[in-house]
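A.B. asks: Take this structure first; my questions come after.
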Amino acid sequence: DRFGYIHAEALIPSEDGSVLVQSGAAVCKTVGASDFRMASSSFCMPPNVCIPGRVWRTRTPEWHKDISCFSPAVFLRVEIADLVGFKGCACIPLISLESSKVLAVVTLYAEHATEMAEIPRQPILDCLNRTLF
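See below:
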């Protein structure tokens, strides 16, 4: 596809609501993406920490054309992402219409630098279906 996404993941608030944790819902299109998923399984992200943590706190989507130049202070998993070839990144909060709480944060990773207009909707919907239903 045009976006070239190779990984999509959904993170959800922990039971106590203090950090984001992996939901278990993910789409991995390459061995590297599967490796990233495995390496990320124990990562927890407090509000404002890393891209998903910022999106969770601000409730605002972020996209980054190329995450490979980020420092670990900005993107905790940059070294792993670089090893598996991630470049473009889009991160979107899923907000409940009823409670206005963030239910999940979905992040898509691409294997090339990406503009926001190129992000497909289907991987997001696939990840949501696995997370919420």
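Numbering (my numbering), first residue to last: 133 to 265.
Built from N, CA and C at the ideal position, the CB exists for glycine as well.
If you're wondering where the values come from, they're calculated on a predicted model, not measured in any experiment.
1) Residue 219: buried (16+ other C-beta within 10 angstroms of its C-beta) or exposed?
2) Please report the straight-line C-alpha distance between residue 147 and residue 224, rounded to a whole angstrom.
3) The beta strand (DSSP E) with residue 165 in it runs from where to where?
4) Flag this pair as touching only if the segment 176 to 195 and the segment 143 to 159 have three or more C-beta atom pairs under 8 Å; answer yes or no.
5) Give the DSSP-derived three-state secondary structure of residue 193 in the structure shown.
6) Look up residue 210 in the DSSP assignment and say whether it is helix, strand or coil.
7) Where does the unbroken beta strand (DSSP E) through residue 145 begin, and where does it stop?
8) According to the Cβ coordinates, are residue 160 and residue 195 closer than 9 Å?
C.D. replies: If we stick to the structure as given:
1) When all chains shown are included, residue 219 counts as buried.
2) 21 Å
3) Residue 165 -> not in any beta strand (DSSP E); alpha helix (DSSP H) instead, spanning 163 to 172.
4) yes
5) coil
6) Helix at residue 210.
7) 137 to 145
8) No, these two residues do not count as a Cβ contact at 9 Å.
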